[in-house]
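Trainee:
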Amino acid sequence: MSIIDAIILGLVQGVTEFIPVSSSGHLAITSHLLGVGGAFEFDVLLNFGTLLALIIFYRKKLGLIIKRIVIDGQWTLALKIVVATIPAVFFGILLKSQIEKLSEMIWVVIVMLVVIGIPMILYGKQSTDADDRGVEESVDWKTSLRIGFAQALALIPGTSRSGITILVGLKSNLSAARAAEFSFLLAIPVIAGASLKTLLSHDGTGFLKDNLGIVLIGNLASFAAGILAISFLMKFISKRGLKDFGWYRIGLATILTFLIIFKVI
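Residues in the sequence shown are numbered consecutively from 1, following my numbering.
#1: Pairing CB atoms from the stretch 23-31 with CB atoms from the stretch 108-116, are three or more of them under 8 Å?
#2: Here's the rule I'm using: 16 or more other beta-carbon atoms within 10 Å means buried, otherwise exposed. How should Gly134 be labelled?
#3: Look at the Cβ atom of Ala150, then the Cβ atom of Ile164, and state whether they are nearer than 8 Å.
#4: Please state the DSSP three-state secondary structure of Pro87.
#5: Among Ala154, Ile250, Leu46, Ile118, which residue has its Cα nearest to the Cα of Asn219?
#6: Is it buried or exposed for Ser222, if we count other Cβ within 10 angstroms and need 16 for buried?
#7: Taking 7 Å as the limit between beta carbons, can you name the residues of its chain near Met234, skipping five residues before and five after?
#8: Counting only the same chain and skipping the five closest in sequence on each side, list residues whose C-beta sits under 8 Å from that of Ala152.
#9: Nearest CA to the CA of Gly246: which residue from Gly10, Met105, Val21, Leu11?
#10: Taking only runs of the alpha helix (DSSP H) that begin and end inside the stretch 104-191, which ones reach a length of at least 4 residues, in chain order?
#11: Quick test of your reading: Ala224 and Gly14, contact by CB under 8 Å. State the CB separation rounded to the nearest angstrom.
#12: May I ask which residues mark the beginning and end of the alpha helix (DSSP H) holding Tyr58?
#13: Taking its Cβ as the centre, do 16 or more other Cβ atoms sit within 10 Å of Ile217, making it buried, or is it exposed?
#14: Pick out whichever of Lys80, Glu17, Ala187, Ser231 has its Cα sitting closest to the Cα of Asp43.
#15: Tell me where the alpha helix (DSSP H) around Gln74 begins and ends.
#16: Kindly indicate which residue of Ile230, Leu185, Ile214 has the alpha-carbon position closest to the one of Gly148.
#17: Ends of the alpha helix (DSSP H) at Phe219?
#18: Given this structure, state the Cα-to-Cα distance separating Leu10 from Ser2, to the nearest angstrom.
#19: Closer than 7 Å by C-beta to Ile261: which residues in its own chain qualify, once you throw out the five before and the five after it? Chain order, please.
#20: Taking the alpha helix (DSSP H) that Arg249 falls in, what are its first and last residues?
#21: 8 Å is my cut-off, CB to CB: does Ser2 come that close to chain B?
Structure (structure tokens):
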């Protein structure tokens, strides 16, 4: 893998981790086009850049959560995040090898682009009801668990973790801003856990030792792109919801299908 490949993959990861078009799907497609095969460990390690982007973007909110726990003894929001994290952790550990295999199957990506794109078009409108409450008050326990199972489904390449969790949030009567905020807060433990697990594994440690330079470069690219993507998405979906992204997903799936049929890729 070249430095240019690492930068391109890092930029793709940073943008598509938060824009609801599927980071795993776009990384699989980009890796295929670049001719970079077997880069599962690299793709996962790129999450450190997007994780840092999330922490920087939500530093004030995270500080408030820590303050409420340490000083005020209020665990509500933290526990809701834990509840919503459990399904993805459980299925991620249980189905790790299957998920790795699916990440190399471009047809799986194409199918999931459409499967999730259709409900985004049908149900991804921004709520017309103003919601002045914070995310802690807006997200009840049932909604947090519902979003958690949606996040577990996003383990399938092509689904989009942010897309499906925000969509379920909208269907649970959250405003787009609150749905996105909870989705991104929820991403922090999931991304951190997946990245650390890969890093500490035998394959991940070996890959990092052999490719430290390109991993660092890729993460710098994913961090920069991630900061911009979060800022863009928060403004965009508050006005337009997810419908446009649904159409993008279906359009991309259609193009990829024709490219495969005519053996362009």
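Don't be surprised by glycine CBs; every beta carbon is placed ideally from N, CA and C.
Remember, it's a predicted structure, so these values are computed and weren't measured experimentally.
Mentor: Concretely, from the data shown:
#1: Yes, since at least three Cβ pairs between the stretch 23-31 and the stretch 108-116 fall closer than 8 Å, the two stretches touch.
#2: Around the beta carbon of Gly134, a 10 Å sphere encloses fewer than 16 other beta carbons of the protein chains shown; the residue is thus reported as exposed.
#3: Yes.
#4: Taken through DSSP and simplified to helix, strand or coil, Pro87 comes out as helix.
#5: Checked all of Ala154, Ile250, Leu46, Ile118; the closest Cα to Asn219 is Leu46.
#6: Buried.
#7: Counting only residues of its own chain and dropping the five nearest sequence neighbours on each side, Met234 has a CB closer than 7 Å to the CB of Ala177, Ala180.
#8: Answer for Ala152: Pro87, Ala88, Phe90, Phe91, Gly92, listed in chain order.
#9: If we check each option's Cα against that of Gly246, Val21 comes out closest.
#10: If we require 4 residues or more, the alpha helix (DSSP H) runs fully inside the stretch 104-191 come out as 106-123, 135-138, 141-153, 161-171.
#11: In this structure Ala224 is in contact with Gly14, their Cβ atoms being roughly 7 Å apart against a cut-off of 8 Å.
#12: It is not in any alpha helix (DSSP H) - Tyr58 carries neither H nor E in the DSSP assignment.
#13: Counting Cβ neighbours within 10 Å, Ile217 comes out buried, since at least 16 surround it.
#14: For the residues Lys80, Glu17, Ala187, Ser231, the minimum Cα distance to Asp43 belongs to Glu17.
#15: Counting along the chain, Gln74 falls outside any alpha helix (DSSP H), and DSSP gives it neither H nor E.
#16: In terms of Cα proximity to Gly148, the closest of Ile230, Leu185, Ile214 is Leu185.
#17: The amino acid at residue 219 is misidentified as Phe; the sequence shows Asn. Residues 212-240.
#18: A small fix is needed here, since residue 10 is Gly in this sequence, not Leu. Approximately 12 Å between the Cα atoms of the pair.
#19: The beta carbon of Ile261 is closer than 7 Å to none in its chain, skipping five residues each way along the sequence.
#20: Where Arg249 is concerned, the enclosing alpha helix (DSSP H) stretches over 243-261.
#21: Considering every chain present, this structure includes no chain B. It has just one protein chain.
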